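As you go down the protein sequences, you meet chains A and B in turn.
This note's numbering numbers the first residue of the first sequence as 87 and each following residue consecutively.
This note's numbering numbers the first residue of the second sequence as 87 and each following residue consecutively.
Glycine included, C-beta positions come from ideal geometry on N, C-alpha and C.
Small disclaimer: the values here were computed from a predicted structure and weren't measured.
Contents: one structure, followed by commentary.
Number of protein chains: 2
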Amino acid sequence: MTDLKPKTVSGTVDGPDVKHMKWWGWGVDGVAFHHEDKPAFAPFVKKVVGVDLRTAAVTAAPSFDDLEIPASRTTADVTSALSLIVGEGNVVTGDMERVVHTYGKSIRDLIRIRQGVFPRVPDVVLYPATESEVAKVVAAAIAHDLVLIPFGGGSNIAGSLEPQPEEQRIVVSLDMGRLDRVLDIDEDAGLARIQAGAQGPDIEEQLNAKGWTLGHFPDSFTHSTLGGWVATRSSGMQSDKFGDIADITRGLRMVRPEGVVVLRAVPSTSTGPSIREMILGSEGRLGVITEVTAQVHRIPEKREIQAYFFPTWAAGLRAMQAISESDATPSITRVSNEVETEMSLATSKASKGISALLNQGVQRFMKLKGWDLSKICLSFIGYEGSDEHVDRNEKLVSKIVKKHGGFGVGKGPGVLYDQKKFDTPYLRDFFLDHGGAADVSETAAPWSKLLTLSTEVTAAAKRAFEKIGVQGVIMGHLSHSYHTGACLYFTFAFEHGEDALGQYDVVKRAIQDAFIAEGGTLSHHHGVGVEHSPWLEADVSAPGAALMQGLLDSADPERHFNPGKITGR
Amino acid sequence: MTDLKPKTVSGTVDGPDVKHMKWWGWGVDGVAFHHEDKPAFAPFVKKVVGVDLRTAAVTAAPSFDDLEIPASRTTADVTSALSLIVGEGNVVTGDMERVVHTYGKSIRDLIRIRQGVFPRVPDVVLYPATESEVAKVVAAAIAHDLVLIPFGGGSNIAGSLEPQPEEQRIVVSLDMGRLDRVLDIDEDAGLARIQAGAQGPDIEEQLNAKGWTLGHFPDSFTHSTLGGWVATRSSGMQSDKFGDIADITRGLRMVRPEGVVVLRAVPSTSTGPSIREMILGSEGRLGVITEVTAQVHRIPEKREIQAYFFPTWAAGLRAMQAISESDATPSITRVSNEVETEMSLATSKASKGISALLNQGVQRFMKLKGWDLSKICLSFIGYEGSDEHVDRNEKLVSKIVKKHGGFGVGKGPGVLYDQKKFDTPYLRDFFLDHGGAADVSETAAPWSKLLTLSTEVTAAAKRAFEKIGVQGVIMGHLSHSYHTGACLYFTFAFEHGEDALGQYDVVKRAIQDAFIAEGGTLSHHHGVGVEHSPWLEADVSAPGAALMQGLLDSADPERHFNPGKITGR
């Protein structure tokens, strides 16, 4: 992470040797975003949200000692029953551990942590080591009337991890971090059995060692788990090639009160309604996912990301659609709108990287072509495969880019994008430090609706900023292409006032409403949780939501498994 | 259908102008398979199952007048309530119509029809014309305690259409044939809104007229519907390119008692558990599918099917796997084992087509290469796209074929295969006419398990033939390739005795048991129905089946919607 610098360590956790993010923010303790070597960043922030980074009051990282953490409600009986299952050292009731397991890392979570808002905290954090321990924990949950919330890397931003505030029963956060191994690779079939608690880097390291890759790289990659990806129907940056997690997941094991659901890895099946697809996106509501048999790929011979510029957002979107309709099969299709392009240029170091692209020569070329420099859009297209495959695809894409008025600027910026791709979430904490609130909302919609959706979402966010009386910014990019449409991924930010959450709610609601009104889904890859639950019926219709509720109620009539998520009940 | 000849018409149906297959067998009334111009066919049949087509007693098509059809149990009240909804002419209670709607076209169905076995026949056949009529029918089903069985083209071979024998309530077969239109094409997104009752040729005709194709071509294509494909998770011959129906289906409308489930067409979503995937494969148990928004493709510039020979089945399978791992993206990957290859050669006319391939020159070439001619395997690989794409893919595949010891024999046989690809199901009736029973069973499994699975399935079938004391044959081909595995499609046949169904049960059970034992799923694209229901728990585990049962029970507690299918309850 070339672009991050150390930041004071502010807390440590007990329990077994399982990696966690910092309790109050994103990522590794001691690492943070900084902008001193990015001269265009502060002026950009000043321009779009009015925050002057040179003069803004900076909030220090919160002090854990200042927090009031509700006491654990566990009983000696329950703690001892759980200790018998997973061993004493793997039952943790300390405040730090419980706070770490209370929330994910949405802006709502980060603000609540900074404000010390903890209406309900898990009472116990458990670290099972095996599926059979998980099975015993599930049995104990039934026997002792506990609530179980499976916990992976804690990167969720849809509120899928928090206990319901009104929950009176003992809440157990079931941290899957000790189930972190690649158990087996069937090299003849391209299938790997992987434990659900394995985090992105763990998985790639174990697979790479044998020449394989999962190919799943969400923004959260460094701090999220396979089980979490499955439970929230995740997508990664290279999903255009490797598929969404729903495609990657072939076999599954999930512990239920009546036993382990075992879905063998088959390439396809006509057995429906699909149990695999009931478990995908189930956010812990049907049971505890312990193992996934995932399709894996040989590490490609060559891997390249090329950068391109388009004169307008509309031209960029059209080009991505044309690529998806063509014979080209890139691994990444991404194009930013004009605001995000400006942000990308502003986030680069002066002397190198993306901003260096916009040297006088390139700018002159754009002007010669009659481009308005305030409208230009930056695109990254990735290629993976044999040398010949990469070359051929680059040629195919190059033609399409040209046809849509764009041009390529080489692979230098792509290398940088690739290095920094997991750093973005750190920006949010930096921004909060300086009095700003920022988060993301993403959707997927048909090609025919994307431009209007993008326009309307932007307009809705701006109306919301106006309503709450702030200067705000919203920017977006296309991040995944499909035959019939694409994912649009929006980032929004504003200088928040006292009621940061109230303000956020207004903006978030405006954006989500616009998604639905313009034919988008409530989220392409972040899940429903409690954050998106209000749009569930609009997304899938009331009778659709009722079908889903029926499944959840039948599977968990006593509400032991992460109640309240997805359907709000 | 160059290869079929007229056969006596044996019955007609009443009701509105909706196409049906012949009441006693597959396909168009008046068309049947014949072998007079295929000199190698009779000897092949004699060799593998011992039936001498020249001397075998030929059963005439059954006479409808000889059947004893249970009387309709509908009441004046119910009939009149239904007539008020769909109009009098669209409520049919005649015997022929009810028989046509009793079964699908599995060998079990065909035998029962020939034997006049009708333990339970629908009491009413309804032809709604609109979704709103369907909604009223569903409401009437609740109000009058009826059973509704949605009916598409009637091509099902998993027993998904038959009423439960013990059913005491009035059973309504809801024929969707009047909902047969392509409603709208979103040309900018590649999405078509299509009514559920539209049959394959109707769909392609309407789409082709505007330059589009759905690309879904199951064996049943000429007599099956989009709603049926969705309800059974169908796959088509070109699914390697166009995707299985689960991929093709983007949006859905399904009528439920509480209203219409409306799933808008989005390219992907993280909203889970997926309601779309609950409806896919639901076989009418969750409600009535009325409309599908499907992804469609521009008709490709070029379309070609090339034929290849491999020295052995193992080499053919390996080559298909290598193709799936390569940069090539063919539309069809198909290779037959040695028995099916012999059958293909035997089913060709002497002077042209596939058998002409095996002229002296080719045979000499094979012998020169040291091939055992009794082991050779025929393969078809399809290519679709731009001229350049097709050429490039043919070259990529050609290299792989060569590497695995095979060689190409041109596109002549592919043209023939393409023309005759929907004729195969007629063979079953022909075979029944001559005292033979034949049917198909297919599965999907990881690449690493395919060869063993194939060997074990073949051995299991042979043991079953032995057990029932018949000479039988089983043959197979790989029909669909995925990254991690493929579909193996088996056809089996034997000269049946008096207890044809009992004999069939022994063989079928042996094959399905072997699928499961060797890591395959119970069916890759034929659905579960009642035929495969006994293997459901083995396929998805008992806790998995319980999850599914929970969904079905919660969605249909009073069992109005096609009860008994999939889970057997």
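**Prompt:** the segment 345 to 365 of chain A: which residues have C-beta closer than 9 Å to a C-beta of chain B, in chain order?
**Reply:** For the segment 345 to 365 of chain A, the set of residues with a beta-carbon nearer than 9 Å to any beta-carbon of chain B comprises GLY345, VAL346, VAL347, VAL348, LEU349, ARG350, ALA351, VAL352, PRO353, SER354, THR355, SER356, THR357, GLY358, PRO359, SER360, ILE361, ARG362, GLU363, MET364, ILE365, in chain order.
**Asked** Is A/PRO304 close to chain B, meaning its C-beta is less than 8 Å from at least one C-beta of that chain?
**Response** As a first step, residue 304 of chain A is located in the first sequence; it is residue number 218 there, counting from the start. Cβ-Cβ to chain B under 8 Å: no for A/PRO304.
**Prompt:** Got a sec: is the Cβ-Cβ distance from B/VAL705 to anything in chain A below 8 Å?
**Reply:** Chain B is shown from 87 up to 655; residue 705 of chain B falls before or after that span and cannot be answered.
**Identity of the residues DSSP links to B/THR419 by a beta bridge** = As a first step, residue 419 of chain B must be located in the second sequence, where it is residue number 333. B/THR419 is bridged to B/ILE467.
**Item:** Beta-carbon proximity list for B/ASP138, same chain, < 6 Å, skipping 5 on both sides
**Value:** As a first step, residue 138 of chain B must be located in the second sequence, where it is residue number 52. Excluding residues within five positions, the ones whose Cβ falls inside 6 Å are LYS132.
**Rounded separation between B/LEU234 and A/LYS497 - CA only** = Here residue 234 of chain B refers to the residue found at position 148 when the second sequence is read from its first residue. Here residue 497 of chain A refers to the residue found at position 411 when the first sequence is read from its first residue. Distance between the alpha carbons of B/LEU234 and A/LYS497: 60 Å.
**Prompt:** For A/VAL268, does the three-state DSSP call read helix, strand or coil?
**Reply:** Stepping through the first sequence from its first residue, residue 268 of chain A is reached at position 182. Reduced to three states, the DSSP call for A/VAL268 is strand.
**Prompt:** Could you give the uninterrupted runs of the beta strand (DSSP E) lying entirely in the segment 151 to 238 of chain B, keeping only those of 3 residues or more?
**Reply:** 210 to 212, 233 to 237
**Request:** Would you grab the beta carbon distance between A/MET406 and A/ALA572 for me? Rounded to a whole angstrom, and I think it's under 8 Å.
**Result:** Taking the first residue of the first sequence as position 1, residue 406 of chain A is located at position 320. Taking the first residue of the first sequence as position 1, residue 572 of chain A is located at position 486. Their Cβ separation, rounded to whole angstroms, is 6 Å, which keeps A/MET406 and A/ALA572 in contact under 8 Å.
**Asked** So does A/ASP123 have its beta carbon nearer than 7 Å to some heavy atom of the ligand NAD?
**Response** Looking at this structure, you won't find the ligand NAD or any other ligand, since it has none at all.
**Item:** Residue interval of the beta strand (DSSP E) (run including A/LYS388)
**Value:** As a first step, residue 388 of chain A must be located in the first sequence, where it is residue number 302. Here the beta strand (DSSP E) through A/LYS388 covers 388 to 396.
**Item:** A/LEU502: first and last residue of the uninterrupted alpha helix (DSSP H) it sits in
**Value:** Position 416 of the first sequence, counting from 1, holds the residue named residue 502 of chain A. 498 to 506 is the span of the alpha helix (DSSP H), which, as asked, contains A/LEU502.
**Asked** What are the residues that DSSP puts in a beta bridge with A/TYR657?
**Response** Coverage of chain A is limited to positions 87 through 655, which leaves residue 657 of chain A absent and any answer about it impossible.
**Asked** Taking any Cβ of chain A, which residues in the segment 520 to 536 of chain B have a Cβ under 7 Å from it, in chain order?
**Response** Taking 7 Å as the Cβ-Cβ cut-off against chain A, the residues of the segment 520 to 536 of chain B that qualify are ALA530, ALA531, PRO532, TRP533, SER534.
**For A/ILE280: DSSP bridge partner residues** = For this step, residue 280 of chain A is matched to residue 194 along the first sequence. Per DSSP, A/VAL268, A/VAL378.
**Prompt:** What are the boundary residues of the alpha helix (DSSP H) that A/THR427 is part of?
**Reply:** Along the first sequence, read from residue 1 onward, the residue named residue 427 of chain A stands at position 341. Segment 424 to 432, the alpha helix (DSSP H) holding A/THR427.
**Request:** Using alpha carbons as the reference points, say which of A/ASP152, A/TRP457, A/PRO353 lies closest to A/HIS490.
**Result:** Sequence index remark: in the first sequence, residue 490 of chain A carries index 404 (1-based). Closest by alpha carbon: A/TRP457.
**Request:** Return the bridge partner residues of B/ARG342 from the DSSP annotation.
**Result:** Residue 342 of chain B sits at position 256 when you count from the first residue of the second sequence. Looking at the DSSP assignment, B/ARG342 forms a beta bridge with B/GLY345.
**Prompt:** Closer than 8 Å, Cβ to any Cβ of chain B: which residues of the segment 179 to 213 of chain A, in chain order?
**Reply:** none
**Proximal chain A residues relative to B/SER640, where beta-carbon distance stays under 7 Å** = As a first step, residue 640 of chain B must be located in the second sequence, where it is residue number 554. Residues of chain A passing the Cβ test: GLY636, LEU637, ASP639, SER640.
**Item:** Three-pair Cβ contact test at 8 Å for the segment 222 to 242 of chain A versus the segment 633 to 643 of chain A
**Value:** no
**Asked** If you draw a straight line from the C-alpha of A/VAL144 to the C-alpha of A/LEU170, how long is it?
**Response** The residue you call residue 144 of chain A lines up with position 58 of the first sequence. The residue you call residue 170 of chain A lines up with position 84 of the first sequence. Straight-line Cα distance between these residues: approximately 47 Å.
**Item:** Where A/LEU260 sits in the DSSP three-state scheme
**Value:** One-based indexing of the first sequence puts residue 260 of chain A at position 174. Here A/LEU260 sits in strand by DSSP.
**Message:** Looking at the secondary structure, which residues open and close the alpha helix (DSSP H) in which B/SER410 lies?
**Reply:** Translated into the one-based positions of the second sequence, residue 410 of chain B becomes position 324. Run containing B/SER410: 399 to 411, per the alpha helix (DSSP H) assignment.
**Asked** Exposed or buried, B/THR88, counting other C-beta atoms within 10 Å across all chains shown (16 or more means buried)?
**Response** As a first step, residue 88 of chain B must be located in the second sequence, where it is residue number 2. Note on B/THR88: pLDDT 39, under 50, position unreliable in the model; no value is reported.
**Asked** Quick one: which chain B residues come within Cβ less than 9 Å of A/HIS120?
**Response** Reading the first sequence from its first residue, position 34 is the one you call residue 120 of chain A. What A/HIS120 touches in chain B: nothing, since even the nearest Cβ is about 32 Å away.
**Prompt:** Looking at the structure shown, is B/ALA126 part of a helix, part of a strand, or coil, going by DSSP?
**Reply:** For the purposes of this step, residue 126 of chain B is taken as residue 40 along the second sequence, with counting starting at 1. Coil.
**Request:** Identify which residue in A/GLY605, A/TYR590, A/LYS594, A/HIS475 has its Cα closest to the Cα of A/LEU539.
**Result:** Against the first sequence, residue 539 of chain A aligns to sequence position 453. Of the residues A/GLY605, A/TYR590, A/LYS594, A/HIS475, the one whose Cα lies closest to the Cα of A/LEU539 is A/GLY605.
**Item:** Own chain residues within Cβ distance below 6 Å of A/PRO92, not counting five before or after
**Value:** Counted from its first residue, the first sequence places residue 92 of chain A at position 6. Below a pLDDT of 50, predicted positions are generally treated as unreliable, and A/PRO92, at 49, falls in that range; no measurement from the model is reported.
**Asked** Does the beta carbon of B/SER241 come closer than 8 Å to any beta carbon on chain A?
**Response** Counted from its first residue, the second sequence places residue 241 of chain B at position 155. Interface residue (Cβ-Cβ distance to chain A less than 8 Å): B/SER241 is not classified as such.
**Item:** Closer than 8 Å to chain B by CB, A/GLY650
**Value:** Within the first sequence, residue 650 of chain A is the residue found at index 564, counting from 1. With 8 Å as the cut-off, A/GLY650 does not count as an interface residue toward chain B.
**Item:** Bounding residues of the alpha helix (DSSP H) (the contiguous stretch that carries A/ILE652)
**Value:** Taking the first residue of the first sequence as position 1, residue 652 of chain A is located at position 566. Per DSSP, A/ILE652 belongs to no alpha helix (DSSP H) and is neither H nor E.
**Asked** Using a beta-carbon distance below 8 Å, is A/ASP591 in contact with chain B?
**Response** Translated into positions along the first sequence, residue 591 of chain A becomes position 505. At a cut-off of 8 Å, the C-beta of A/ASP591 has no neighbouring C-beta in chain B.
**Message:** Using DSSP's beta-bridge definition, name the partner residues of B/HIS383.
**Reply:** Your numbering for residue 383 of chain B matches position 297 in the second sequence. Answer is B/THR299, bridged to B/HIS383.
**Request:** Let me know if B/LEU338 comes out buried or exposed under the rule of 16 or more other beta-carbons within 10 Å of its beta-carbon.
**Result:** Residue 338 of chain B sits at position 252 when you count from the first residue of the second sequence. Buried, because 16 or more other Cβ atoms sit within 10 Å of the Cβ of B/LEU338.
**Request:** Give a yes or no on contact between the segment 455 to 473 of chain B and the segment 401 to 417 of chain B, applying the rule of three or more CB pairs nearer than 8 Å.
**Result:** yes
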